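Be aware that the sequence shown starts at 12, since it is given in this note's numbering, and climbs by one per residue.
Scroll down for the structure; my scribbles are underneath it.
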Amino acid sequence: MKPTADTPLRDYNRAIVLRPLASAEESVRDGEARLLEAVGLAQALGLDVASAEAAPLRQISPRTYFGSGRVERMKDQSEELGAGVIVIDATLSPVQQRNLETDTGSKVIDRTGLILEIFGLRARTKEGKLQVELARQGYERSRLVRTWTHLERQRGGLGKTGGPGETQIELDRRIIADRIIKLKRELEDVRRTRGLQRRARSRAGLPAIVLVGYTNAGKSTLFNRLTQAGVLAKDMLFATLDPTARQVKLPSGRAVIMSDTVGFISDLPHELVESFRATLEAVTEADLLIHLRDIAHPETDKQKADVLAVLAQLAKDADGKQPPILEAWNKIDLLDAATHDARTRRAAAGADQAGQGALPAVALSAETGEGM
């Protein structure tokens, strides 16, 4: 389809969201849940989602990820809706991303790129900005693909390797590599400082409690209710990024240090886990983890599995060290009466807690204060 006088101009704040649906790997419900999450991620970046669709996928095209028919449809749809951005809720290779942008005429961003953009938008502290930049540099390094078409023709004619194009690519790689080294050094300083702070708190007899959970589970709302910290709490994925710690006095009168952490998510980009290691070390060094779950979410069990997978990886990197976990089942105020009562009884009975120190779960609402 060719643009006409009535075709909207491309708006780079407007997006189309596509979630590839491989029938052999996930059910339609799974695909719809992931699509809603992808829409939430796009909205967290401030994009106006004009269309969202779960796209059946029989096999992955090495050139464009999707088949030619789907790519043509994406092009037509972006022209009709005036969408300048196409979000693909999957991991694209640099070649696939470049070819999709060429074929559709829109900016294409994959799941990893989208999450990195959100983290870049949310980071406020120097530490957070350093960690996001390190992740972004690692991602950009993998995106360096030759796009010098005129030099490609020159190389083909001369029958040689090398040349100005490859020199530029090598220069870009060296610049990124140097920047990564510098960022890692700065973050190592942050890591040492955090380690000293944790040891000082330990010597002062202040146990460390860390909130973990899937993004948008309500960690910041709970943290604010317990500490009156005033941390940004919105119904939005990755509303808060920078870690916050406060001293809290328990009902028993004992003081503890409570920390909020960045939310986890399915398929959390490897670049982010690596880059945020200085922050995430607080998880393995804690005396207790409170795993806050959105118990009203239809995919709550899968979200739990995603969080536990990240915690297991962090424990592996910390020589197997993982603190005991207390599950807090949040948002019970959103459940109907029958489900509310059943979940509350199930939590009190210690259901689903095998292998986690047999700590009974706590059913609560961080929003209303019920159960706290």
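In this text, a Cβ means the ideal position worked out from N, Cα and C, and glycines have one as well.
On a predicted model such as this, the values are computed, not experimentally measured, just so you know.
Going by beta carbon distance, what residues of the same chain come within less than 8 Å of residue i, once the five residues before and after it are set aside?
| i | result |
| --- | --- |
| D22 | D59, G93, A94 and G95 |
| I268 | R212, L217, P218, A219, I220, A256, R257, Q258 and V259 |
| K195 | L145 |
| I306 | W340, N341, K342, I343, L346, R354 and A374 |
| V223 | K230, T272, F275, V294, L300, I301, H302, L303, V318 and L322 |
| R356 | none |
| A188 | R152 |
| E381 | I343, D344 and L375 |
What's the call for residue i, buried or exposed, on a 16-neighbour Cβ count within 10 Å?
| i | result |
| --- | --- |
| K171 | Low per-residue confidence applies at K171: pLDDT is 41, beneath 50, and the placement is therefore not dependable, though the value from the model is reported in the following sentence. With fewer than 16 Cβ atoms within 10 Å of its Cβ, K171 is classed as exposed. |
| G366 | Reliability fails at G366, whose pLDDT of 49 lies under 50, so the model's placement of it is uncertain and the value that follows must be treated cautiously. With fewer than 16 other Cβ atoms within 10 Å, it is exposed. |
| A316 | exposed |
| V28 | buried |
| I186 | exposed |
| M85 | buried |
| K342 | buried |
| L207 | exposed |
| S117 | buried |
| R164 | Caution applies to R164, whose pLDDT of 38 falls short of 50 and renders its modelled position unreliable; the model cannot decide the point. |
| S270 | buried |
| A372 | buried |
| A26 | buried |
| G139 | buried |
| R203 | exposed |
| L182 | exposed |
| G264 | exposed |
| I336 | buried |
| R133 | buried |
| G42 | buried |
| T123 | buried |
My output table needs one value for residue i: the three-state DSSP class, helix, strand or coil.
| i | result |
| --- | --- |
| N341 | strand |
| L346 | coil |
| N110 | helix |
| A358 | helix |
| V50 | helix |
| P67 | strand |
| K332 | coil |
| V223 | strand |
| T75 | coil |
| Q258 | strand |
| P31 | strand |
| A61 | strand |
| M395 | Outside the shown range of the chain, which is 12 to 383, sits residue 395, and nothing can be said about it. |
| S270 | strand |
| R236 | helix |
| D22 | strand |
| A228 | coil |
| L169 | Any reading at L169 is ruled out, since the residue's pLDDT is 37, under 50, leaving its predicted position unreliable. |
| I180 | helix |
| K93 | Correcting the residue identity first, residue 93 is Gly in this sequence and not Lys. Coil, per DSSP. |
| A372 | coil |
What I want to know is whether the C-beta of residue i ends up closer than 6 Å to one or more non-hydrogen atoms of the ligand SAH.
| i | result |
| --- | --- |
| E181 | Absence of the ligand SAH is noted for the structure shown, with no ligands found whatsoever. |
Does the distance from the CB of residue i to the CB of residue j come in under 7 Å?
| i | j | result |
| --- | --- | --- |
| S231 | Q142 | no |
| L4 | A377 | Examination of residue 4 is not possible in this model, given that the chain is present from 12 through 383 alone. |
| T295 | A266 | no |
| S89 | T115 | yes |
| L46 | A33 | no |
| L111 | T75 | yes |
| I97 | V119 | yes |
| E310 | A61 | no |
| L325 | L291 | yes |
| R184 | P105 | no |
| E48 | G149 | no |
Who are the Cβ neighbours of residue i in its own chain at under 7 Å, not counting the five residues just before and after it?
| i | result |
| --- | --- |
| H308 | Q314 |
| D121 | I99, A101, T102, L103 and Q108 |
| R147 | L127 and G131 |
| G78 | S72 |
Can you name, in chain order, every residue of its own chain whose Cβ lies under 6 Å from the Cβ of residue i, other than the five neighbours on each side?
| i | result |
| --- | --- |
| I31 | The sequence as given places Pro at residue 31; Ile does not occur at that position. Only A66, L68 and A101 meet the Cβ criterion. |
| A297 | A219, V221 and P334 |
| T379 | D344 |
| A53 | A26, V28, V60 and V98 |
| S277 | D317 |
| M383 | L375 |
Quick check on residue i - is its C-beta less than 7 Å from some C-beta in chain D?
| i | result |
| --- | --- |
| T226 | Structure shown: chain D not included; a single protein chain is present. |
Start-end ranges of the beta strand (DSSP E) lying completely within the region 299-325, minimum 3 residues:
Runs found: 299-305.
In chain order, which continuous runs of the beta strand (DSSP E) of length 3 or greater are located wholly inside the region 126-153?
Listed in chain order, nothing qualifies, since the region 126-153 has no complete beta strand (DSSP E) run of 3 or more residues.
Every unbroken alpha helix (DSSP H) inside the region 186-218 [4 residues or more]
Fully enclosed alpha helix (DSSP H) runs of no fewer than 4 residues are not present anywhere in the region 186-218.
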